[in-house]
Amino acid sequence: MSGVEHDFGAFVAARATSLLRVAYLACGDETEAEDLLQTALERTYRKWDRVDHDNPEPYVRRVIVNAAISRARRRAVLSIVPMHSPPERPARAGDPDLTHVLMDALRALPPRQRAVVVLRYWEDLSETQTAEVLGCSIGTVKSQASKAMAKLRSALGRDTVEGVIRNAHT
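Each residue of the sequence shown is one higher than the one before, counting from 1 in full-length UniProt numbering.
Right under this line is the structure:
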């Protein structure tokens, strides 16, 4: 095994689970997330000599998010996942049904807004880092985050969204 293959293999072994989570949150489907990750890793390997080996994860995140957005755009008609009726009682961060409701709400967001939410609140990237990953301005990140969070709060309730964000890393 060459040094390049070893370095790349070590990176994948160390970060695959985290990257798969990014892919899943970006698309909302387990099978598609695996495909997105595979695509991103293939593209990254082909350009491994140009990737910052000290910190390759931002590059791979960008490839994942861009691939997710491209796939969503390529679909003949972007299907908007119907929102469930609001639950009879507000969902709480520890509710087993919350994951399903949250994923439905994320799927309903436009791809760019979904990407901003995933990177900012689940991957805990700064606005600057998120802008770099998405190839846009910090103002665009702020605007998209604001619009996305308003939609999520409307669908899930303010307390639920805030609780999920607080518990995203626990």
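We treat Cβ as the ideally placed atom computed from N, Cα and C, and that holds for glycine.
Report the option in the options whose CA atom is closest to the CA atom of residue i.
i: Val-65; options: Leu-20, Leu-102, Arg-158; result: Leu-20
i: Leu-41; options: Leu-25, Asp-159, Ala-10; result: Ala-10
i: Ser-154; options: Glu-34, Arg-46, Leu-102; result: Leu-102
i: Ala-105; options: Asp-54, Gly-157, Gln-129; result: Gly-157
Taking only the alpha-carbon atoms, compute the straight-line gap between residue i and residue j and give it to the nearest angstrom.
i: Ala-91; j: His-100; result: Because the pLDDT at Ala-91 is just 42, under 50, the model does not fix this residue reliably, and the point stays unresolved.
i: Thr-39; j: Cys-136; result: 22 Å
i: Ile-69; j: Arg-107; result: 12 Å
i: residue 175; j: Arg-73; result: Given that the chain is displayed from residue 1 to residue 170, the structure contains no residue 175 and the question cannot be resolved.
i: Ser-143; j: Ala-115; result: 13 Å
i: Met-149; j: Leu-109; result: 10 Å
i: Val-22; j: Val-12; result: 14 Å
i: Arg-112; j: Glu-5; result: 33 Å
i: Leu-152; j: Ala-131; result: 21 Å
i: Asp-52; j: Tyr-59; result: 8 Å
i: Val-133; j: Glu-30; result: 22 Å
i: Trp-48; j: Asp-159; result: 43 Å
i: Asp-7; j: Tyr-24; result: 25 Å
i: Glu-34; j: Arg-15; result: 14 Å
i: Leu-125; j: Leu-119; result: 6 Å
i: Ala-145; j: Tyr-45; result: 31 Å
i: Leu-37; j: Arg-71; result: 13 Å
i: Thr-17; j: Lys-147; result: 29 Å
i: Arg-50; j: Glu-57; result: 13 Å
i: Glu-32; j: Ile-138; result: 28 Å
i: Asn-55; j: Ala-26; result: 21 Å
i: Gln-129; j: Ala-67; result: 18 Å
i: Gly-28; j: Val-117; result: 13 Å
Contact defined as beta carbons within less than 8 Å: I believe residue i pairs with residue j. What is the distance between those atoms, to the nearest angstrom?
i: Glu-123; j: Arg-61; result: 7 Å
i: Val-141; j: Glu-127; result: 5 Å
Considering just the uninterrupted stretch of the alpha helix (DSSP H) at residue i, what are its terminal residues?
i: Glu-30; result: 30 to 46
i: Glu-57; result: 57 to 74
i: Gly-139; result: 138 to 156
i: Pro-111; result: 111 to 117
i: Val-51; result: Run containing Val-51: none; DSSP gives neither H nor E here.
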